[in-house]
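Undergrad: Below is a structure I'd like to ask you about.
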Amino acid sequence: MATEVLEIPAGNEMFDGYRTAFERYGFSPAVKSKGFLFISGQIGVRPDGRAAEGVGDQTIWALKRIEELLRIAGLKMTDLVDVTSYHVDIETTLPAFLEAKRGFIAAPFPAWSMIGISGLSRPELKIEIRAVAALRH
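Numbering (the working numbering), first residue to last: 78 to 214.
If you want it as structure tokens, here you go:
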């Protein structure tokens, strides 16, 4: 399989407001390659671009964005095989993150790395999540 950018249908509420950002910053929201779907880092923002309040809500919105990209690709959260989350102030925000994560991720769990960082692209953002899913054959 050649590398293929995941096409987000026109009118997609979750991502329509971000199409210009993909071009401006030179990245794709997700790419299919060699049996996997590679999902770019998703932040905890609502469809209108505003950051959700608090780490729990930001985690929910970042995971909803991942869930939507998976849906477009014909996949589900159970198809995730590798996830990396980036956390500002990880020591204090991890409990809210883990609580929100439980609503989306169930056993068998994907591999997951959690990395503490000093900041993200906007100061109000506290979480970013990137993921890899196995494509169905």
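Even glycine gets a Cβ: it sits at the ideal position worked out from N, Cα and C.
(1) Measure the alpha-carbon distance for P187 versus D93 and round it to whole angstroms.
(2) Report the option in E130, E90, A87, L197 whose CA atom is closest to the CA atom of D166.
(3) Using only alpha-carbon positions, find the residue among S190, A139, F99, L146 that is nearest to L83.
(4) Using 8 Å as the threshold, is the C-beta distance between H164 and G193 below it?
(5) At a cut of 8 Å, does the segment 130–140 reach the segment 198–209 through at least three beta carbon pairs?
(6) Can you say whether K178 is buried or exposed, counting buried as having 16 or more other CB atoms within 10 angstroms of its CB?
(7) Taking 8 Å as the cut-off, decide whether the C-beta atoms of V209 and D159 are in contact.
(8) Under 8 Å between the Cβ atoms of L140 and F181?
(9) Hey, G112 and R207: beta-carbon distance below 8 Å or not?
(10) For T161, which residues in the same chain have their Cβ closer than 6 Å to its Cβ, ignoring the five residues on either side in sequence?
TA: A quick look at the data gives this:
(1) Against the sequence shown, residue 187 aligns to sequence position 110. Against the sequence shown, residue 93 aligns to sequence position 16. Looking at the two C-alpha atoms, the distance is approximately 28 Å.
(2) Residue 166 sits at position 89 when you count from the first residue of the sequence shown. Closest by alpha carbon: L197.
(3) The sequence position of residue 83 within the sequence shown is 6, counting from 1. Checked all of S190, A139, F99, L146; the closest Cα to L83 is L146.
(4) By one-based count along the sequence shown, residue 164 stands at place 87. By one-based count along the sequence shown, residue 193 stands at place 116. It is a contact, given that the beta carbons lie within the stated cut-off.
(5) yes
(6) The count along the sequence shown starts at 1 and reaches residue 178 at position 101. Buried.
(7) If you number the sequence shown from 1, residue 209 lands on position 132. If you number the sequence shown from 1, residue 159 lands on position 82. Yes, the Cβ-Cβ distance between V209 and D159 is below 8 Å.
(8) In the sequence shown, residue 140 corresponds to position 63, counting from 1. In the sequence shown, residue 181 corresponds to position 104, counting from 1. The answer is yes: Cβ separation under 8 Å.
(9) Position 35 of the sequence shown, counted from the first residue, corresponds to residue 112. Position 130 of the sequence shown, counted from the first residue, corresponds to residue 207. No, the pair does not count as a contact, with Cβ atoms beyond the cut-off.
(10) Here residue 161 corresponds to residue number 84 of the sequence shown, with the count starting at 1. Cβ within range, chain order: S190, R207.
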